[in-house]
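Below you'll find the structure, written out as structure tokens, and then a few comments.
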Amino acid sequence: MSDQMELNGSYVHPHWRLTLDGLGLSTMKDWLALDKTLVDEPNQRGRGVSQVFRASVIGAEGEPVTVYIKHQRNYVRRSVLHPVSGQTTLYQEYRALMRCWQAGVPVAEPVFFAANSSGGDNEAMLVSLNLAGFQSLDQVKLDQLSAARRFTLIRDVAAVVRLLHERGLVHQNLYPKHIFVAWSDKQQRYDVRFIDMERCRPHYRRWQPRLRDLETLARRASGFSARDRLRFLRAYFDRPLADSEGRSLMTRMERKFKLRGA
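Whatever position you read off the sequence shown (first residue = 1), add 4 for the working numbering.
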């Protein structure tokens, strides 16, 4: 597939198509015309800029729905496959989100994507639904959780990370702030979603990329004890760490994070 074909196209979530048509939100220009709030300072890369906005739209039932609008212009990453024009990082994130969605990996749900390349400019936009009721893992007040709830949180996050890897994908930026969780009283478990999937890729070697995800998460998970990390590994494997793969991983994690005696 050529750069031109890849960088010109659009997507609308099938459940949102009629609603967005009714709201007149069919192009990037339409979305940019909304009353919106800039979430963070724009990111600059060369002559390119990347911005994230928060806005409210009316859903199918007439209810207000918060969305996040990521917009990029000439914010590209060049690669062997795209050495000249490059690819907007939003296009890469959109493709990763669709891979995850199709594989059953829970992510922030995209409702609109568009990209075009003309006159030497690369532009892209990705609109995702707000994760209402969720909070990032680094914002969870661990000291306010009961022991049982804390174990459940660890188990449920580990299960979803394992699912991502079992579907042949790695996040490659697996920080606690990129994992969102919400407690369900009805199911007595946590709903877990991934965000910021820009670097998510298929993995072709069995352990190295997966270990990098696990190590990144363990290194950044402040507030989690050494015992918590051990519980996470056991839940990730969903079996006692007695086989050769488990022992090898445990040794490596002990060495890196000084878990012996936890």
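We put the beta carbon where it would ideally sit given N, CA and C, even for glycine.
Range of the contiguous beta strand (DSSP E) that encloses residue i
| i | result |
| --- | --- |
| R75 | Reading off the sequence shown, one finds His at residue 75, where the question assumed Arg. It spans P68 to R77 - the beta strand (DSSP E) in which H75 sits, taken as one unbroken run. |
| M32 | Careful: M32 lies outside any beta strand (DSSP E), inside the alpha helix (DSSP H) at M32 to L36. |
| M201 | M201 -> no beta strand (DSSP E), and no H or E assigned at all. |
| Y15 | G13 to V16 |
| R49 | N47 to R49 |
| Q55 | G52 to I62 |
| L42 | K40 to L42 |
Residue i, enclosing alpha helix (DSSP H) - first and last residue
| i | result |
| --- | --- |
| G26 | R21 to L27 |
| V164 | A151 to E170 |
| F236 | A230 to F241 |
| A4 | In the structure displayed, the chain extends from 5 to 266; residue 4 sits before or after that span and is not available. |
Inter-residue Cα distance where the pair is residue i and residue j
| i | j | result |
| --- | --- | --- |
| S30 | F117 | 10 Å |
| T3 | R58 | Within the shown structure, residues of the chain are numbered from 5 to 266, placing residue 3 beyond reach of any answer. |
| V16 | G28 | 13 Å |
| R166 | F241 | 8 Å |
| N4 | Q143 | In the structure as shown, the chain starts at 5 and stops at 266, and residue 4 therefore has no counterpart that could be examined. |
| Q191 | A222 | 27 Å |
| H207 | S226 | 27 Å |
| T93 | G66 | 33 Å |
| Q148 | I199 | 25 Å |
| G137 | S122 | 40 Å |
| L168 | V115 | 21 Å |
| R171 | V80 | 27 Å |
| L42 | V131 | 14 Å |
| C204 | R216 | 12 Å |
| G63 | K33 | 20 Å |
| R256 | A151 | 27 Å |
| G108 | F236 | 21 Å |
| V71 | S252 | 43 Å |
| R214 | N177 | 11 Å |
| L36 | P18 | 21 Å |
| K145 | F228 | 11 Å |
| G26 | Q106 | 27 Å |
Same chain only: Cβ atoms within 8 Å of residue i, ignoring 5 sequence neighbours per side
| i | result |
| --- | --- |
| M201 | E97, A100, L101, C104, V111 and H175 |
| Y194 | T156, L157, D160, V161, V185, A186, W187 and S188 |
| D232 | R154, I158 and A225 |
| P46 | V53, S54 and Q55 |
Close Cβ partners of residue i (< 7 Å) along its chain, the five nearest in sequence each way excluded
| i | result |
| --- | --- |
| P87 | Low per-residue confidence applies at P87: pLDDT is 39, beneath 50, and the placement is therefore not dependable, though the value from the model is reported in the following sentence. Excluding residues within five positions, none has a Cβ falling inside 7 Å. |
| A163 | A239 |
| K40 | F57, R58, A59 and I73 |
| W20 | V115 |
| G13 | A119 |
| Q212 | none |
| L2 | The chain is shown from 5 up to 266; residue 2 falls before or after that span and cannot be answered. |
| D125 | R77 and N78 |
| D44 | V56 |
Proximity test, Cβ basis, 8 Å: residue i and chain D
| i | result |
| --- | --- |
| M32 | Absence of chain D from the displayed structure is noted, only one protein chain being present. |
Own chain, CB closer than 6 Å to residue i, minus 5 neighbours either side, in chain order
| i | result |
| --- | --- |
| S140 | K181 and F184 |
| Y179 | R224 |
| E127 | R77 and N120 |
| Y95 | A119 and A128 |
| E113 | L133 |
| V69 | V61 and G63 |
| T23 | A64 |
Checklist entry - Within the chosen definition, does the segment 72 to 81 reach the segment 36 to 55 through at least 3 CB pairs nearer than 8 Å? => result Contact check between the segment 72 to 81 and the segment 36 to 55: three or more CB pairs, one atom from each, fall below 8 Å, which counts as touching.
Checklist entry - Can you list the alpha helix (DSSP H) stretches of 4 or more residues lying completely in the segment 88 to 150, in chain order? => result Restricted to the segment 88 to 150, the alpha helix (DSSP H) segments that are unbroken, complete and at least 4 residues in length are 93 to 107, listed in chain order.
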